[in-house]
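Undergrad: The sequence shown begins at 171 in the working numbering and counts up by one. Even for Gly, the Cβ is constructed at its ideal location relative to N, Cα and C. Sharing a structure with you now.
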Amino acid sequence: MSMAYEEYMKQVIKPMREQLVRANFKELLTPEEVEEYMSQVTGTTLVVVNSVCGCAAGLARPAAIKAIEESPHKPDHLVTVFAGQEREATAKMREYFTGYEPSSPSIALMKGNEVVHFIPREEIEDNELEDIVAGLTTAFEKNCM
């Protein structure tokens with residue numbers, strides 16, 4: 171890949187990253203960061219596997235942010251990896267999604283290292299924003315105290 175292309179892609183995806191970072195998501199950029207985070211985490215974590223696709227922009231990111239803003243029950247931690255950009259970090263995070271096929275975008279609610287709620291791309295792109303928010307809010311109520 172040319173340096174010009176890589177620089178172009180960094181600029182294209184910058185607002186896609188910033189949308190979650192502004193909402194207090196921590197970006198995990200390397201497999202080592204994912205491993206370190208997962209080895210120390212306690213409580214609940216909302217993980218957004220970010221993507222450049224339209225369903226990430228129009229549904230996944232807005233739904234995750236809106237659910238956090240509106241729900242009285244919230245995950246203890248918010249993290250994100252970016253599929254197609256930090257491939258190794260994304261692959262490492264997906265190792266913790268036992269029993270789930272790789273999907274981007276996707277949203278996982280975890281207790282410690284266990285997935286307790288998972289929304290794959292198919293359930294994101296085939297739903298309305300409010301339905302995704304409602305599903306996340308219900309998952310927060312069940313798992314986040």
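Which residues bound the alpha helix (DSSP H) around Asn-194?
TA: Position 24 of the sequence shown holds residue 194. That residue, Asn-194, is in no alpha helix (DSSP H); it is neither H nor E in DSSP.
Undergrad: Hey, how far is the Cα of Glu-205 from the Cα of Pro-185?
TA: What you label residue 205 is simply residue 35 of the sequence shown in a count that begins at 1. What you label residue 185 is simply residue 15 of the sequence shown in a count that begins at 1. Distance between the alpha carbons of Glu-205 and Pro-185 is about 26 Å.
Undergrad: Thinking C-alpha only, which one of Glu-298, Ser-172, Ile-183 is nearest Gln-255?
TA: In the sequence shown, residue 255 corresponds to position 85, counting from 1. Nearest option by C-alpha distance: Ile-183.
Undergrad: List in chain order: all unbroken beta strand (DSSP E) runs of 3+ residues lying wholly within the segment 272 to 307.
TA: Fully enclosed beta strand (DSSP E) runs of 3 or longer: 276 to 281, 284 to 289.
Undergrad: Are Glu-313 and Thr-214 touching if we call contact CB-CB under 8 Å?
TA: Your numbering for residue 313 matches position 143 in the sequence shown. Your numbering for residue 214 matches position 44 in the sequence shown. The identity of residue 313 in the sequence shown is Asn, whereas the question assumes Glu. Yes.
Undergrad: Indicate whether the contact test is met: 3 or more Cβ pairs, each with one atom in the segment 246 to 261 and one in the segment 298 to 308, closer than 8 Å.
TA: The segment 246 to 261 vs the segment 298 to 308: no contact.
Undergrad: Identify whether Thr-215 lies in helix, strand or coil by the three-state DSSP scheme.
TA: For the purposes of this step, residue 215 is taken as residue 45 along the sequence shown, with counting starting at 1. The answer is strand: DSSP assigns Thr-215 an E or B state.
Undergrad: Counting Cβ pairs, one atom from each stretch, are 3 or more of them under 8 Å apart for the segment 266 to 283 and the segment 193 to 202?
TA: The segment 266 to 283, when compared against the segment 193 to 202, does not touch it at the 8 Å Cβ threshold.
Undergrad: Just to confirm the assignment: which complete beta strand (DSSP E) runs, minimum length 3, are found wholly within the segment 202 to 254?
TA: Taking only runs of at least 3 residues, the beta strand (DSSP E) segments lying wholly in the segment 202 to 254 are 214 to 220, 247 to 252.
Undergrad: Rank Ala-234, Lys-180, Glu-240 by C-alpha distance to the C-alpha of Lys-219 and give the top, closest one.
TA: As a first step, residue 219 is located in the sequence shown; it is residue number 49 there, counting from the start. Before going further, note that residue 219 is Val rather than Lys in the sequence given. The candidate whose alpha carbon is nearest that of Val-219 is Ala-234.
Undergrad: So what's Glu-177 in DSSP terms, helix, strand or just coil?
TA: Within the sequence shown, residue 177 is the residue found at index 7, counting from 1. The answer is helix: DSSP assigns Glu-177 an H, G or I state.
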